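Asks: One structure is given below, represented as structure tokens, and several questions about it will come after.
Okay, structure coming up:
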């Protein structure tokens, strides 16, 4: 079938079903190419090596086809972000990503691959302090900041987070609105339901999911979170947090 089983090409996503959902979603929303300088807008870049075959490359002239963090999914013209997973380090798969056609590599370990390699293969090297943070920022740019177009409500607590997110969504829909939901059991886009194996997908998949919610007319997203304040999440979303109860134990 279309289940995309993780291979050796970098850190595995946070669930095979999550990945299958994103693949299906992408079939209905083709993204246009984006200029590299726009993708990196707001990203802290500590170093950029952009000498291709002896010529300096200007970032606003470089088009990126898609953003990937799995080297096996990289195609010609993509931007590859080398993130560290629980079992593997994406920096180990930079050569694989380049072989598959990556034209830009974002990394936080400058020593993982020398500048001379990138000059030889004609690929732009971008060094950032933290690639997981950079991936979230780049993903938000690539999908046109979908969380900014939604009212995002995060629910935190020891127990009851999933139930509360469903209640919030139901209240919105009862009043004629359309809500999205990201939970431990399922993802929802209005009446559409998709199975989930993790509370929060990787930031790239999450922004693709939010983008689809916006396109479907959703105005609110509810999701569980472990952070009991108003915050900008590592996945790039900005949320108002609802604490359940108070004190040492929350219900």
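Residue numbers (the working numbering): 959 to 1209.
A virtual CB, placed ideally from N, CA and C, is assigned to each residue, including glycine.
Note that the coordinates shown come from a computational prediction; the quantities given were computed from them, not determined experimentally.
Please work out which residues of its chain come closer than 6 Å, Cβ to Cβ, to residue 982, disregarding the five sequence neighbours upstream and downstream, and give them in chain order.
Replies: Per-residue confidence for residue 982 stands at a pLDDT of 40, beneath the threshold of 50, marking its modelled position as unreliable; no derived number is given.
Asks: Taking the alpha carbon of residue 1038 as the reference point, which residue from 1177, 1151, 1027 has its own alpha carbon closest?
Replies: Among 1177, 1151, 1027, the Cα nearest to that of residue 1038 is on 1027.
Asks: Just to confirm, is the Cβ distance from residue 1180 to residue 1129 under 7 Å?
Replies: no
Asks: In angstroms, rounded to a whole number, what distance separates the CA positions of residue 1146 and residue 1132?
Replies: Near 15 Å, if we compare the C-alpha coordinates of residue 1132 and residue 1146.
Asks: Closest to residue 1077 by CA distance: which of 1100, 1002, 1031, 1063 is it?
Replies: 1063
Asks: Grouping DSSP H, G and I as helix and E and B as strand, with all else coil, what is residue 991?
Replies: coil
Asks: Considering only the beta carbon of each residue, do residue 1120 and residue 1141 sit closer than 7 Å?
Replies: yes
Asks: Looking only at C-alpha atoms, which of 999, 998, 1032 sits nearest to residue 1054?
Replies: 1032
Asks: Grouping DSSP H, G and I as helix and E and B as strand, with all else coil, what is residue 1062?
Replies: strand
Asks: For residue 995, I'd like the list of residues in its chain whose CB is within less than 7 Å of its CB, leaving aside the five on either flank, ordered along the chain.
Replies: 1017, 1018
Asks: Straight-line CA distance for residue 1114 to residue 1152?
Replies: A direct Cα-to-Cα measurement between residue 1114 and residue 1152 gives close to 22 Å.
Asks: Tell me which same chain residues have a C-beta within less than 8 Å of the C-beta of residue 910, skipping the five on either side of it?
Replies: Any property of residue 910 remains undetermined from this structure, which presents the chain solely from 959 to 1209.
Asks: Name the DSSP bridge partner or partners of residue 1007?
Replies: 1083
Asks: Closest by CA to residue 1136, which one among 1029, 1081, 1149, 1125?
Replies: 1149
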